[in-house]
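Written below as structure tokens is the structure these notes are about.
Written as structure tokens, this is what we have:
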């Protein structure tokens with residue numbers, strides 16, 4: 186079957202949306218507690234004797250890592266200030282929501298799933 190440009194675009198878009206939805210459910214597990222995935226990863230990681238967890242990232246390290254991973258660039262000065270203005274209790278969750286809605290998010294992740 187030969188697909189035209191519209192069909193190919195639609196299939197790629199659905200892959201990105203599907204990934205975003207599944208990733209957003211994973212991000213909510215940070216707020217709600219351990220999910221089945223968390224428990225399975227802990228079990229698998231416990232089997233690895235040499236596996237050592239790294240230190241928890243501070244807020245600015247977390248901002249940089251998530252920005253690079255999700256939108257493909259380091260945060261701007263404006264984004265850093267916005268992140269630091271967010272209430273500390275919800276700061277990381279709000280960052281995830283902003284990055285999912287960022288104009289670069291779909292472009293970045295389409296490259297991996299296209």
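Numbering (the working numbering), first residue to last: 186 to 299. A virtual CB, placed ideally from N, CA and C, is assigned to each residue, including glycine. All values reported here derive from a predicted model rather than from experimental measurement.
**Request:** Could you give the DSSP three-state label for residue 275: helix, strand or coil?
**Result:** coil
**Message:** Between 279, 241, 269, 255, which has its C-alpha nearest residue 297's C-alpha?
**Reply:** 255
**Prompt:** Going straight from the alpha carbon of residue 242 to that of residue 250, what length do you get?
**Reply:** 9 Å
**Asked** Terminal residues of the continuous alpha helix (DSSP H) containing residue 242?
**Response** First-last for residue 242: undefined, no H or E at that position.
**Asked** Which first and last residues belong to the alpha helix (DSSP H) in which residue 292 is found?
**Response** 288-298
**Request:** From the DSSP output, in three-state form, read off residue 186 for me.
**Result:** Confidence at residue 186 is low in this model, with a pLDDT of 47, below 50, so its placement is unreliable and the value that follows should be read with caution. Three-state DSSP puts residue 186 in coil, outside helix and strand.
**Asked** For residue 239, is the beta carbon positioned less than 7 Å from some heavy atom of the ligand MG?
**Response** With respect to the ligand MG, the structure offers nothing, as it holds no ligand at all.
**Item:** Cβ pair count under 8 Å reaching 3, the stretch 260-269 against the stretch 226-233
**Value:** no
**Prompt:** Among residues of its own chain, excluding the 5 on either side of residue 258, which ones have a beta-carbon nearer than 6 Å to its beta-carbon?
**Reply:** none
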